[in-house]
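K.L.:
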Amino acid sequence: MNNRLKVLRAERNWSQADLAGRLQVSRQSVNAIETGRFDPSLPLAFKLARLFERPIEEIFTDEA
Amino acid sequence: MLGCNLKNPAMRHYVIRIVIAMTVYAALLPATIVTLQLTHPQRAIVLALSILPSIPIIAVLVIVGLYLKEETDEFQRMLLQQSLLWGMGCTLAFISIWGFLEMFAHVRHLPLFYVFPIFWLFGGISRAIQRTKYRSGDE
Numbered sequence: 001m002n003n004r005l006k007v008l009r010a011e012r013n014w015s016q017a018d019l020a021g022r023l024q025v026s027r028q029s030v031n032a033i034e035t036g037r038f039d040p041s042l043p044l045a046f047k048l049a050r051l052f053e054r055p056i057e058e059i060f061t062d063e064a
Numbered sequence: 065m066l067g068c069n070l071k072n073p074a075m076r077h078y079v080i081r082i083v084i085a086m087t088v089y090a091a092l093l094p095a096t097i098v099t100l101q102l103t104h105p106q107r108a109i110v111l112a113l114s115i116l117p118s119i120p121i122i123a124v125l126v127i128v129g130l131y132l133k134e135e136t137d138e139f140q141r142m143l144l145q146q147s148l149l150w151g152m153g154c155t156l157a158f159i160s161i162w163g164f165l166e167m168f169a170h171v172r173h174l175p176l177f178y179v180f181p182i183f184w185l186f187g188g189i190s191r192a193i194q195r196t197k198y199r200s201g202d203e
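Here you go:
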């Protein structure tokens, strides 16, 4: 799954550590999601959506 | 097998519990050996004493289970679950191969209590590979 996390994060001038702190996960987790190596669960995806004030489908896009 | 970020409450609990379990193990094992050597107790007591050092070892499994229950970071949970599975799979493969080697090639007998450290060894190797695979590239 592709995502726009890096762009959304850059718009807010947040580091991965900043985002990780806001999500209460490790920076390694944010990195794995951002680079598409780990797909978050629905609850975490909703948390990201609330944090960036965007619908989930604007953050994550299906590769197909 | 786990990384050690003590700011994470689940990890902090895990480390404290492991230290306690290992301290109990470090005390029980020599105490059992010395007791059995010096007292030559009855069979039932020998059986009970022999089982004693395995209690903190079993506790380690429970502690890992508690960590998985308490860890709120789903990615970290997934990493540990993967390394546990690799640890189990590799251990089963290793002891199966060793078992046949013992039976047919008469290699040295491997005492069963080595299975647990072998499991953690393979799990640890798996964790090291994961660290390389998921090494943070950005920032």
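Chains as they are written, first to last, in the numbering used here: chain A, 1 to 64; chain B, 65 to 203.
Note that CB positions come from ideal geometry on N, CA and C, so glycine has one too.
#1: How would you call A:R37, buried or exposed, if buried means at least 16 neighbouring beta carbons within 10 angstroms?
#2: Three-state secondary structure (DSSP) at A:F60?
#3: Using only alpha-carbon positions, find the residue among A:P55, A:E57, A:L23 that is nearest to A:S44.
#4: To which residues does DSSP link A:N2 through a beta bridge?
#5: For B:L132, collect the residues of the same chain with a Cβ closer than 8 Å to its Cβ; drop the 5 residues on either side in sequence, then sort them by chain order.
#6: State yes or no: is the C-beta of B:E135 within less than 8 Å of the C-beta of B:A74?
#7: Is the beta carbon of B:A85 closer than 8 Å to that of B:A123?
#8: Name the chain A residues that come within less than 7 Å of B:Q140, Cβ to Cβ?
#9: Quick one: Cα of B:P175 to Cα of B:P117, how far?
P.N.:
By the coordinates alone:
#1: Counted from its first residue, the first sequence places residue 37 of chain A at position 37. Burial call: exposed.
#2: For the purposes of this step, residue 60 of chain A is taken as residue 60 along the first sequence, with counting starting at 1. Strand, per DSSP.
#3: One-based indexing of the first sequence puts residue 44 of chain A at position 44. Looking at the sequence shown, residue 44 of chain A is not Ser but Leu. The option with the nearest alpha carbon to A:L44 is A:L23.
#4: If you number the first sequence from 1, residue 2 of chain A lands on position 2. BP columns for A:N2 point to A:T61.
#5: Counting from 1 along the second sequence, the entry for residue 132 of chain B is found at position 68. Taken in chain order, the residues that qualify are R141, L144, Q145.
#6: The residue you call residue 135 of chain B lines up with position 71 of the second sequence. The residue you call residue 74 of chain B lines up with position 10 of the second sequence. Closer than 8 Å, so yes.
#7: What you label residue 123 of chain B is simply residue 59 of the second sequence in a count that begins at 1. What you label residue 85 of chain B is simply residue 21 of the second sequence in a count that begins at 1. Yes, these two residues count as a Cβ contact at 8 Å.
#8: Counting from 1 along the second sequence, the entry for residue 140 of chain B is found at position 76. S26, S29, listed in chain order.
#9: Taking the first residue of the second sequence as 1, we reach residue 175 of chain B at position 111. Taking the first residue of the second sequence as 1, we reach residue 117 of chain B at position 53. Near 15 Å, if we compare the C-alpha coordinates of B:P117 and B:P175.
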